[in-house]
Each structure stands twice: as C-alpha cells, then as structure tokens.
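Participant: Below you'll find the structure I mean.
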Amino acid sequence: MNIIDEINQKSQRSDLPDFRAGDTVKVNVRVTEGGNTRIQVFQGVVIARHGKNQPNATFTVRKVSFGIGVERTFPVNSPTIESLEVVTRGDVRRAKLYYLRERHGKAARIKERRDS
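Under the working numbering, the sequence shown is numbered contiguously, ending at residue 112.
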C-alpha cells in the first residue's frame, strides 16, 4: 500500500448511513459566517452519487425552496458534514435522477421503498 492509499484510508468516513439515489436525506452542515459557526439543515432528495467508494466521492441533494429548485453537491468525506440522516427510502430505477429537474409538484414525487 503506498502513501496515497494510506492517506485516503484515514480520510474515509464510516459514520454515514447507507443511502442511494431516490432517498430523502437530512444533511446537517457546519456553516461558518464571520466568526460564528452554526449547523444548517439541508433536506432533499439524493439525485446522484459519484465515485462510490473513492475518497473524492460526492452526492447531490435537490430540494424545492419557495418554489425554486436548489441543488447542493456534498463531498461524502467532508468534515463540514456534521451528520446525515435518511428520512425515507425511495424506490427508483435509475442511478441519476436528473429528470426531476423538469418535473414539478406531484410529478416529482418518488415512491417509497418497502424493505422486506
């Protein structure tokens, strides 16, 4: 194992739950404004995951705020992510849900997955 692999292994997070595209997640993000640090909640649907088990893996969360779609991409191993909670599990047939960008209202709903 070379030095880069060792550093990447140390930076991997193991405290995040398993989630995938279609799941509704609540991400608690540490935000620093000026000298103050606070926790900001960003809740929405995971529309994409990139780089599954790589150290630079990311996921994109989409929500609609006051009628405007907001997307935010988070690095999985970022220290600014305080915690991540899966609110509901979605039943989708795609890995990337970019088609949700053109859907509005009830058409943008995702079926809830039943775990057996």
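A virtual CB, placed ideally from N, CA and C, is assigned to each residue, including glycine.
For the candidate residues K48, T84, G40, S79, whose alpha-carbon lies nearest to that of D111?
Facilitator: When only C-alpha atoms are compared, the closest one is T84.
Participant: What are the boundary residues of the beta strand (DSSP E) that includes G39?
Facilitator: Per the sequence shown, residue 39 should be read as Gln rather than Gly. That run of the beta strand (DSSP E) goes 32 to 46.
Participant: To the nearest angstrom, report how far apart S61 and I0 are at their CA atoms.
Facilitator: Looking at the two C-alpha atoms, the distance is approximately 40 Å.
Participant: Among the candidates H46, D14, K107, whose CA atom is the shortest distance from the CA of A91?
Facilitator: If we check each option's Cα against that of A91, H46 comes out closest.
Participant: Is T76 near R26, with beta carbons less than 8 Å apart?
Facilitator: Yes, these two residues count as a Cβ contact at 8 Å.
Participant: Kindly list the residues whose CB is nearer than 7 Å to the CB of V88, restricted to its own chain and excluding five residues on each side of it in sequence; keep chain order.
Facilitator: Correct list, in chain order: A17, G18, I106.
Participant: Based on the DSSP output, what are the partners of N24 in its beta bridges?
Facilitator: Partner(s): V37, S79.
Participant: Could you tell me the distance, in whole angstroms, from the CA atom of R68 to the CA atom of I3?
Facilitator: Rounded to whole angstroms, R68 to I3 spans 26 Å at the Cα level.
Participant: Among Y94, V57, G65, which residue has its Cα nearest to the Cα of V15?
Facilitator: The sequence shown places Phe at residue 15, rather than the Val named in the question. The shortest C-alpha separation from F15 is found at V57.
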